[in-house]
Amino acid sequence: MRLIHPVTAVALLSGILGCRSTESFAPGGLRQVTVQGLEQTVQLTPAQPDSGQEVHILSVVTNRSAGPVAVESRICGLDLAGNVALVMNYVRCAGYSQSVVLAPGDSVTGSDMRVVSSPPGSYTLLVRQLVQPSAWVEVPVVVH
Numbered sequence: 257m258r259l260i261h262p263v264t265a266v267a268l269l270s271g272i273l274g275c276r277s278t279e280s281f282a283p284g285g286l287r288q289v290t291v292q293g294l295e296q297t298v299q300l301t302p303a304q305p306d307s308g309q310e311v312h313i314l315s316v317v318t319n320r321s322a323g324p325v326a327v328e329s330r331i332c333g334l335d336l337a338g339n340v341a342l343v344m345n346y347v348r349c350a351g352y353s354q355s356v357v358l359a360p361g362d363s364v365t366g367s368d369m370r371v372v373s374s375p376p377g378s379y380t381l382l383v384r385q386l387v388q389p390s391a392w393v394e395v396p397v398v399v400h
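With this note's numbering applied, the sequence shown corresponds to residues 257 to 400, in that order.
Given below as structure tokens:
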């Protein structure tokens with residue numbers, strides 16, 4: 257029998273448990289109804305980062321419709337765009353997306369970590385967690 261290293265087990269469980277849940281993980285974030293009755297909440301931690309500081313981007317998509325919705329969600333990071341400069345600061349897994357069916361009230365979670373390289377100012381960050389149906393959420397960002 258082959259044993260799994262404890263760190264590997266925790267990482268696997270985090271990935272499995274983080275992919276589907278009925279619990280909202282970003283209660284204080286920016287909420288936006290996207291498509292097909294899906295609500296996407298995006299939260300930045302810290303909410304107003306300093307230039308050069310690492311920022312955690314958490315996205316939760318919840319099915320608010322009365323029926324199930326098939327989605328293809330990003331894994332191993334989020335698609336990011338906009339005019340705020342963010343630098344990748346760690347190695348990612350090779351996966352891009354996975355297909356799931358969200359029952360009413362179910363959620364799928366995605367996250368990313370980046371370092372802010374923009375100087376102080378006001379910016380816009382575009383975040384896409386859903387590949388299908390495609391949906392981008394616009395998040396205002398103030399860099400100190």
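Backbone N, C-alpha and C define an ideal beta-carbon position, used for all residues, glycine too.
Nothing here was measured: the structure is a model prediction, and the numbers come from that model.
Three-state class that DSSP yields for residue i in the structure shown
i: R370; result: strand
i: A350; result: coil
i: P283; result: Because the pLDDT of P283 is 45, which lies under 50, any placement of that residue in the model is unreliable, and the question is left without a value.
i: I313; result: strand
i: L386; result: strand
i: V340; result: coil
i: Q296; result: strand
i: C275; result: Annotation note: pLDDT 39 at C275 (below 50); position unreliable, coordinate value reported separately. C275 falls in the helix class under three-state DSSP.
i: D362; result: coil
i: A326; result: strand
i: A391; result: strand
i: Q288; result: strand
i: P396; result: strand
i: G333; result: coil
i: G308; result: coil
Rounded separation between residue i and residue j - CA only
i: L382; j: I313; result: 11 Å
i: L358; j: T365; result: 12 Å
i: V356; j: V397; result: 30 Å
i: L361; j: S353; result: This sequence places Gly at residue 361; Leu is not what is there. Distance between the alpha carbons of G361 and S353: 21 Å.
i: P283; j: P302; result: Any reading at P283 must be qualified, since the residue scores a pLDDT of 45, below 50, and its modelled position is unreliable; no value is offered.
i: V370; j: Y346; result: Per the sequence presented here, residue 370 reads as Arg, with Val not at that position. Computed Cα separation, rounded: 8 Å.
i: V298; j: A391; result: 12 Å
i: L342; j: V372; result: 5 Å
i: S378; j: L300; result: 14 Å
i: G333; j: G351; result: 9 Å
Cβ-Cβ distance between residue i and residue j below 7 Å
i: Q385; j: R330; result: yes
i: Q388; j: E328; result: yes
i: V340; j: S374; result: yes
Within-7 Å CB hit, residue i to chain B
i: V291; result: You won't find chain B in this structure, because it holds only one protein chain.
Count the CB pairs spanning the stretch 294-302 and the stretch 311-320 that are closer than 8 Å, and state whether there are at least three. In short, these stretches touch, since the Cβ pair count reaches three.
Do the stretch 297-310 and the stretch 321-330 make contact, defined as three or more Cβ pairs closer than 8 Å? By the Cβ test, the stretch 297-310 is not in contact with the stretch 321-330, since fewer than three Cβ pairs between them sit closer than 8 Å.
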